[in-house]
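For the sequence shown, the positions run 1 to 214 when UniProt numbering is used.
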Amino acid sequence: EKSTNCIPFDLPRTFPTLAFFCEGGPLHEDCARILEAYTFFRPDIGYVQGMSFLAAMLLLYLPAYPAFVGLCNLLNTPSVLGLYTLEPQAVACRARLFRSFCAQQLPAVARCIDEVGLMPEMFLIEWFITIFAKCLPLDVASVIWDLFLLDGEVVLYCTAIALFRILEPSILHPDGRSGPTAATPDLESISRSLGEDLRKRVNDPDELLWHVRE
1 EKSTNCIPFD LPRTFPTLAF FCEGGPLHED CARILEAYTF FRPDIGYVQG MSFLAAMLLL
61 YLPAYPAFVG LCNLLNTPSV LGLYTLEPQA VACRARLFRS FCAQQLPAVA RCIDEVGLMP
121 EMFLIEWFIT IFAKCLPLDV ASVIWDLFLL DGEVVLYCTA IALFRILEPS ILHPDGRSGP
181 TAATPDLESI SRSLGEDLRK RVNDPDELLW HVRE
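Right, dumping it as structure tokens:
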């Protein structure tokens, strides 16, 4: 029950540009009720930051009760539940899988993030628990949601690799130059690429979809 105290603070930060979920917004009350209901439905899990993005995304397409059912079903899938319960084994397993896929698909990027000490857990968990709804523009994230609901957890890894593929030039060449005088990637520059630059760079649903399918 104590976890519900976080809900009023998280809702205004959920798709803030829409203003649908801030206090007084058209979907604020429905989203708050859905999240509170879930905490009583699964008191063993309660409310965890990130859930507001799942509930909000569902409410953009469904009435309140079907959205609640959808939220319960989403959070009952092993691919999502293990992350929200922060099971160390689940988190570590997903990090290992990502490292393996990244090394196969983008070896230069994989070496770079290893060299600067960037742990996959630093970005992967937030991406996965919100199904990319927090880090991507809404229209782009909606495409990933469609794929995830159709094909499951594999879409999360394909999307993560696709994002790194799109960002590869800025990760390897943070100042846009190559050669001996070019800036060397570091933890700060890569974190910036995966943070504030990500939403600006990945804004075309068709481009991301193409990379995911690749």
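Glycine is no exception: its CB is placed at the ideal position from the N, C-alpha and C atoms. No experiment lies behind these values; they were computed from the predicted model shown.
Candidates 28, 14 and 153: closest to residue 97 by CA position: What you label residue 97 is simply residue 97 of the sequence shown in a count that begins at 1. Of the candidates 28, 14 and 153, the residue whose Cα lies closest to the Cα of residue 97 is 153.
Coarse secondary structure for residue 131, derived from DSSP in three states: The residue given as residue 131 occupies position 131 in the sequence shown. Residue 131: coil per DSSP, three-state reduction.
Simplified DSSP assignment, three categories, for residue 136: Taking the first residue of the sequence shown as 1, we reach residue 136 at position 136. Look at residue 136 here: in three-state DSSP terms it is coil, with no helix or strand label.
Inter-residue Cα distance where the pair is residue 83 and residue 47: Taking the sequence shown and counting its residues from 1, one reaches residue 83 at position 83. Taking the sequence shown and counting its residues from 1, one reaches residue 47 at position 47. Each residue's CA atom was taken as its position, placing residue 83 and residue 47 some 13 Å apart.
Alpha-carbon spacing of residue 207 relative to residue 36, whole angstroms: In the sequence shown, counting from the first residue as 1, residue 207 sits at position 207. In the sequence shown, counting from the first residue as 1, residue 36 sits at position 36. If you draw a straight line from the Cα of residue 207 to the Cα of residue 36, it comes to about 37 Å.
Burial state of residue 30 (16 or more Cβ within 10 Å): Against the sequence shown, residue 30 aligns to sequence position 30. Buried, because 16 or more other Cβ atoms sit within 10 Å of the Cβ of residue 30.
For residue 7, the nearest candidate out of 51, 45 and 57 (CA to CA): Taking the sequence shown and counting its residues from 1, one reaches residue 7 at position 7. Checking every option, the nearest Cα to that of residue 7 belongs to 51.
DSSP-derived helix/strand/coil call for residue 152: Taking the sequence shown and counting its residues from 1, one reaches residue 152 at position 152. In this structure, DSSP gives residue 152 a state outside helix and strand, which the three-state scheme calls coil.
Beta carbon of residue 155 nearer than 8 Å to that of residue 147: To locate residue 155, count along the sequence shown from 1; it is residue 155. To locate residue 147, count along the sequence shown from 1; it is residue 147. Yes. Within cutoff.
Candidates 189, 41, 193 and 71: closest to residue 135 by CA position: Within the sequence shown, the letter at position 135 stands for residue 135. With distances taken between Cα atoms, residue 135 lies closest to 193.
Boundaries of the alpha helix (DSSP H) in which residue 216 is found, first to last residue: Any answer about residue 216 is impossible in this case: the structure gives the chain only from 1 up to 214.
N-terminal and C-terminal residue of the alpha helix (DSSP H) that residue 39 is part of: Numbered from 1 along the sequence shown, position 39 holds the residue referred to as residue 39. From DSSP, the alpha helix (DSSP H) with residue 39 extends over 28 to 41.
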